[in-house]
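Chains as they are written, first to last, in the working numbering: chain B, 3 to 218; chain X, 3 to 218; chain V, 2 to 231; chain F, 2 to 231. As structure tokens, the structure follows; a few thoughts come after it.
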Amino acid sequence: MSYKEKIAARAAREVQPGQVINLGIGIPTMIPDYLPNAGEVFIQSENGILGVGHRCGRGTEDRNLIDAGGSYVTLQPGASFFDSAVSFAIIRGGRVDITFLGTLEVSAEGDLANWIVPGKMAPGIGGGMELAQKARQVIVTTTHTTRDGRPKILERCTLPLTAKGCVKTIITELAVIDVTPQGLRLRELARETNLSEVQAKTTAPLLVTDGAIPRF
Amino acid sequence: MSYKEKIAARAAREVQPGQVINLGIGIPTMIPDYLPNAGEVFIQSENGILGVGHRCGRGTEDRNLIDAGGSYVTLQPGASFFDSAVSFAIIRGGRVDITFLGTLEVSAEGDLANWIVPGKMAPGIGGGMELAQKARQVIVTTTHTTRDGRPKILERCTLPLTAKGCVKTIITELAVIDVTPQGLRLRELARETNLSEVQAKTTAPLLVTDGAIPRF
Amino acid sequence: MDKTMAIEQALTAVQDGHTVMVGGFGVPGTPFTLIDRLLAQGTRNLTLVKNEANEAGMGVSKLLEAGRVHTLITSHLGLNPTAIAMMNRSEITVELYPQGILAEKIRAGGAGLLGIVTDIGIDTILRENRQLVRVAGQEAILEPALRADIALIHAATADRAGNLQFAQSARNFSPLMAMAADRVIVETEAIVPVGALDPDAVHLPGAFVDHIVVLDELTAEYGVLARHVL
Amino acid sequence: MDKTMAIEQALTAVQDGHTVMVGGFGVPGTPFTLIDRLLAQGTRNLTLVKNEANEAGMGVSKLLEAGRVHTLITSHLGLNPTAIAMMNRSEITVELYPQGILAEKIRAGGAGLLGIVTDIGIDTILRENRQLVRVAGQEAILEPALRADIALIHAATADRAGNLQFAQSARNFSPLMAMAADRVIVETEAIVPVGALDPDAVHLPGAFVDHIVVLDELTAEYGVLARHVL
Numbered sequence: 003m004s005y006k007e008k009i010a011a012r013a014a015r016e017v018q019p020g021q022v023i024n025l026g027i028g029i030p031t032m033i034p035d036y037l038p039n040a041g042e043v044f045i046q047s048e049n050g051i052l053g054v055g056h057r058c059g060r061g062t063e064d065r066n067l068i069d070a071g072g073s074y075v076t077l078q079p080g081a082s083f084f085d086s087a088v089s090f091a092i093i094r095g096g097r098v099d100i101t102f103l104g105t106l107e108v109s110a111e112g113d114l115a116n117w118i119v120p121g122k123m124a125p126g127i128g129g130g131m132e133l134a135q136k137a138r139q140v141i142v143t144t145t146h147t148t149r150d151g152r153p154k155i156l157e158r159c160t161l162p163l164t165a166k167g168c169v170k171t172i173i174t175e176l177a178v179i180d181v182t183p184q185g186l187r188l189r190e191l192a193r194e195t196n197l198s199e200v201q202a203k204t205t206a207p208l209l210v211t212d213g214a215i216p217r218f
Numbered sequence: 003m004s005y006k007e008k009i010a011a012r013a014a015r016e017v018q019p020g021q022v023i024n025l026g027i028g029i030p031t032m033i034p035d036y037l038p039n040a041g042e043v044f045i046q047s048e049n050g051i052l053g054v055g056h057r058c059g060r061g062t063e064d065r066n067l068i069d070a071g072g073s074y075v076t077l078q079p080g081a082s083f084f085d086s087a088v089s090f091a092i093i094r095g096g097r098v099d100i101t102f103l104g105t106l107e108v109s110a111e112g113d114l115a116n117w118i119v120p121g122k123m124a125p126g127i128g129g130g131m132e133l134a135q136k137a138r139q140v141i142v143t144t145t146h147t148t149r150d151g152r153p154k155i156l157e158r159c160t161l162p163l164t165a166k167g168c169v170k171t172i173i174t175e176l177a178v179i180d181v182t183p184q185g186l187r188l189r190e191l192a193r194e195t196n197l198s199e200v201q202a203k204t205t206a207p208l209l210v211t212d213g214a215i216p217r218f
Numbered sequence: 002m003d004k005t006m007a008i009e010q011a012l013t014a015v016q017d018g019h020t021v022m023v024g025g026f027g028v029p030g031t032p033f034t035l036i037d038r039l040l041a042q043g044t045r046n047l048t049l050v051k052n053e054a055n056e057a058g059m060g061v062s063k064l065l066e067a068g069r070v071h072t073l074i075t076s077h078l079g080l081n082p083t084a085i086a087m088m089n090r091s092e093i094t095v096e097l098y099p100q101g102i103l104a105e106k107i108r109a110g111g112a113g114l115l116g117i118v119t120d121i122g123i124d125t126i127l128r129e130n131r132q133l134v135r136v137a138g139q140e141a142i143l144e145p146a147l148r149a150d151i152a153l154i155h156a157a158t159a160d161r162a163g164n165l166q167f168a169q170s171a172r173n174f175s176p177l178m179a180m181a182a183d184r185v186i187v188e189t190e191a192i193v194p195v196g197a198l199d200p201d202a203v204h205l206p207g208a209f210v211d212h213i214v215v216l217d218e219l220t221a222e223y224g225v226l227a228r229h230v231l
Numbered sequence: 002m003d004k005t006m007a008i009e010q011a012l013t014a015v016q017d018g019h020t021v022m023v024g025g026f027g028v029p030g031t032p033f034t035l036i037d038r039l040l041a042q043g044t045r046n047l048t049l050v051k052n053e054a055n056e057a058g059m060g061v062s063k064l065l066e067a068g069r070v071h072t073l074i075t076s077h078l079g080l081n082p083t084a085i086a087m088m089n090r091s092e093i094t095v096e097l098y099p100q101g102i103l104a105e106k107i108r109a110g111g112a113g114l115l116g117i118v119t120d121i122g123i124d125t126i127l128r129e130n131r132q133l134v135r136v137a138g139q140e141a142i143l144e145p146a147l148r149a150d151i152a153l154i155h156a157a158t159a160d161r162a163g164n165l166q167f168a169q170s171a172r173n174f175s176p177l178m179a180m181a182a183d184r185v186i187v188e189t190e191a192i193v194p195v196g197a198l199d200p201d202a203v204h205l206p207g208a209f210v211d212h213i214v215v216l217d218e219l220t221a222e223y224g225v226l227a228r229h230v231l
């Protein structure tokens, strides 16, 4: 299992039957492979689908059926189509239970920064800002550090924010971390790591509950 | 032909093939009986119908198919249903070519007052204000005077306005009058009347073009 | 996934003091069965949002007549002299909006917006006591979005995941209100399995629906109203 | 009633300097044939409104690459490095909005509203240069409505009165843009007689449609995009 698969598999366990979820690009698109009751979860896509199924096998693509990331997808039973205004009404109206998003930075207070790097022109906002600000739960799925090893989980974001105080949980290849009013609380540790490694790679302090930290 | 039928019949002649029209309560509901090419005109109803047909014969009513006035109606070919937000998008978005409305008062500048009499609580606004303000043409179909003989066409409205400067044409049992930047212009006279009677029953001055006034 | 539920259980969600949106424009779309059961369970002190107040003795008018409603947010009461009389005697507070503006306020609530900006009524007494703003050099009214605790909705067909279809002129305010309430209770004439509806023909996606009550029968109130027949 | 028209004739409505909304989200819903013909007729100095800029060499990107567009109002350019490069070289002005806010601005234009009020982005750099208002005690952004001279729309099926159906994820921005333009030009894969569509299954009522162009063939661009296949 690659580190990305590990993150996706752990993230899938946050989903409850009956929930409506939205998947950002990258790691989140791998989550459906690990949903235990995929038929009981409705995947929403910004381009106007509720009930996205698995990705298409080669040769079965439908030219009119893609998700917001541009991948050819299938439908699950009970799916529906709607226009972009209704699609974002589902998002901003509070009917998305969980959005899984990647990030550039996330802060101890749950601030999310994942859309623009000053100096480089941003390719756009897409639906991420609305998902981050309005989904009932925002779960960040990300590598724990940048490609060159710098922490992504910071006291404060340095990049322009996508949304303030929106993140509830951060899932990386090393840890599951909840954003709480007291600060970041370490909920689980990956089997391959230990607390001191994770804290070393996390700029913000991690709160730890007494007793053994569950592993994943 | 009753005076109401006369007004409706004359009003129907203002409609061009291909137009979308909306009919207020009262006299306007009689207009479809006089449309020469009914199949080429689309009647919009605020409750979410484009393509209302004739009223139902007794025994053919459908419990789910009424117009905004509560009458059981039929559909014409090419009809469609939509929600109330889309229905008023058609109205406010400028896709209703003509709305025919009754009135309490109408002014020389095209102000319309047809929804509230101070001192009496108004039963509500309904869709009339949006139709008056946003339809491409507002045609008032009304008796020339009130039941007790007072003029309805005034220099200035005395009642609270429905919309300002919205009326393009006034059709009564006595006359067809256009609202122009110069004032009210008499376009046609009913066969049963004459200019002096109409002017006497109209508080605002009527402009008359040289030559014989067409009759209807 | 199965959102169907007994009517009594579904309606326990409606509590004293709640704001309740009720679909329907005249008879079509009015959820008479849910309203009757709400009346029976005695919930009071309600703020009601409905296009109109039905007619005397029918639908939401029963809730008004039983004194369960302190405020009615609506577009007109034209067909209900009982409701007009109650308003004139100040037994209920009535907030009137242009019909399409009421629809947009509800839709804005459903779309997670805070309000809309409109010029409807800007030259009339409707501008009084309104928040005025300037946009594109023009004076306009800022109308706050409207949300509710509960929406009561009538559907022609539902699947068990809550995807809905409405029949003809029964659609009206129903999808908008279903978007705008924290808890959405639907009564349906027909229930079908998940997967039975054409995804392109769903009028309201199931994400907006919480509970589905399957109607055993359609009472006389749902039928053709004799006094409106030619 | 028959709104069908030859493509050349329909597109004479599009003039230099116009604001043009173009439906589609990726390939589904993009009116490739109308775009190609617009390119061929040489119209320039356009303001384009589209969810994204398609991909390099396809759809609206051809108009950008040919220098016909001075301003692009969009949600993201993520799949089009050519458009990003043009933006970075200031060869086009790009106005970026959150995707659902772009949808609502267009919808508000279509609904004859002057704007919407939203808290999306209120804690971000998006608040800069925006009209801020207070509503319900909360700071919010007033976003003006967006309208266009022209909308170019792709439908799966149209009747001759302009009632439209879209296929699956090809619906996206199309009905909103068709509401928001003074002149709406539709290309359709299938044309049916007036009366052939179920009135409950119409996605966009014909009142919003001015001209219908019937497609003789679907070019390769409409097909499955090989580079997006697994």
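Glycine is no exception: its CB is placed at the ideal position from the N, C-alpha and C atoms. All values reported here derive from a predicted model rather than from experimental measurement.
query, result
"Please name the residue, chosen from X/Arg94, X/Leu191, X/Ala165, X/Thr105, that lies closest to glutamine 46 of chain X on a Cα-to-Cα basis.", "X/Arg94"
"Counting only runs that start and end within the region 183 to 210 of chain B, where is the beta strand (DSSP E) found for 3 or more residues in a row?", "185 to 191, 208 to 210"
"Hey, which unbroken runs of the alpha helix (DSSP H) at 4 residues or more fall wholly within the region 74 to 118 of chain X?", "86 to 94"
"Going by alpha carbons, who is nearest to leucine 208 of chain B out of B/Thr171, B/Arg193, B/Arg15?", "B/Thr171"
"CA-CA distance, valine 178 of chain X and aspartate 212 of chain X?", "16 Å"
"Nearest by alpha-carbon distance to cysteine 58 of chain B: which of B/Asp35, B/Thr148, B/Ser82, B/Val43 is it?", "B/Asp35"
"What is the DSSP secondary structure of alanine 168 of chain F, reduced to helix, strand or coil?", "coil"
"Quick one: list the residues of chain F neighbouring valine 203 of chain V, beta-carbon separation under 9 Å, in chain order.", "Going along chain F, no residue has its Cβ under 9 Å from valine 203 of chain V, so there is no contact; the nearest lies around 10 Å."
"Hey, would you say glycine 167 of chain X sits closer than 7 Å to glycine 112 of chain X, going by beta carbons?", "yes"
"Leucine 103 of chain V bridges to which residues according to DSSP?", "Bridge partners of leucine 103 of chain V: none, in fact."
"Return the CA-CA distance between histidine 229 of chain F and methionine 22 of chain V, expressed in angstroms with no decimal places.", "44 Å"
"Of all the CB atoms in chain B, is at least one closer than 7 Å to the CB of alanine 181 of chain F?", "no"
"Going along chain V, which residues have a C-beta under 7 Å from glutamate 42 of chain B?", "Met2"
"Determine the contact status of valine 70 of chain F and leucine 39 of chain F, defining contact as a CB-CB distance below 7 Å.", "no"
"Grab me the residues of isoleucine 102 of chain F's own chain with a C-beta within less than 7 Å of its C-beta, minus the 5 sequence neighbours each way, in chain order.", "Thr119, Ile121, Glu144"
"Give the interface partners of proline 176 of chain F over in chain V, defined as CB-CB distance under 7 Å, in chain order.", "Simply none; closest approach about 13 Å."
"Can you have a look at proline 183 of chain X and say buried or exposed, based on whether 16 or more other CB atoms are within 10 angstroms of its CB?", "exposed"
"Since glutamine 46 of chain B meets chain F, which of its residues come closer than 7 Å, beta carbon to beta carbon?", "What glutamine 46 of chain B touches in chain F: nothing, since even the nearest Cβ is about 12 Å away."
"Based on Cα-Cα distance, which residue from V/Thr72, V/Pro82, V/Glu105 lies nearest to threonine 94 of chain V?", "V/Thr72"
"Step through the CB atoms of chain F and report whether any lies within less than 7 Å of the CB of valine 136 of chain V.", "yes"
"What runs of the beta strand (DSSP E), each 3 residues or longer, lie entirely inside the region 40 to 69 of chain F?", "47 to 50"
"Sort V/Ala157, V/Leu133, V/Ser91, V/Ser175 by Cα distance to glutamate 105 of chain V and report the nearest one.", "V/Ser175"
"Who are threonine 171 of chain X's beta bridge partners in DSSP?", "X/Ile141, X/Asp180"
"At the 7 Å Cβ level, is aspartate 120 of chain V part of the contact set with chain F, yes or no?", "yes"
"Using the Cα positions of threonine 164 of chain X and alanine 87 of chain B, report the straight-line distance between them to the nearest angstrom.", "31 Å"
"Cα separation between valine 15 of chain V and threonine 44 of chain V?", "7 Å"
"Measuring only the C-alpha atoms, how far is histidine 77 of chain F from tyrosine 74 of chain B?", "20 Å"
"Using the Cβ count rule (16 or more neighbours within 10 Å means buried), how would you classify glutamine 169 of chain F?", "buried"
"Figure out for me which residue from F/Pro99, F/Ala182, F/Ile126, F/Val61 has the closest Cα to the Cα of arginine 219 of chain X.", "Lying before the first or after the last residue shown, residue 219 of chain X is absent from chain X, which here runs from 3 to 218."
"Between arginine 60 of chain B and leucine 231 of chain F, is the Cβ-Cβ spacing less than 7 Å?", "yes"
"Leaving out five residues on either side along the sequence, give the residues of the same chain with a beta carbon under 8 Å from the beta carbon of glycine 50 of chain X.", "Phe83, Phe84, Asp85, Ser86, Val88, Ser89"
"For the candidate residues B/Leu52, B/Gln21, B/Pro30, whose alpha-carbon lies nearest to that of glutamate 42 of chain B?", "B/Gln21"
"If we call anything under 7 Å between Cβ atoms a contact, is proline 32 of chain F one with leucine 153 of chain F?", "yes"
"Since histidine 212 of chain V sits in a beta bridge, which residues does DSSP pair it with?", "V/Ile186"
"Taking 7 Å as the threshold (C-beta atoms), are histidine 146 of chain B and leucine 188 of chain B in contact?", "no"
"Determine the chain X residues that contact valine 195 of chain F at a beta-carbon separation under 7 Å, and present them in chain order.", "Pro79, Gly80"
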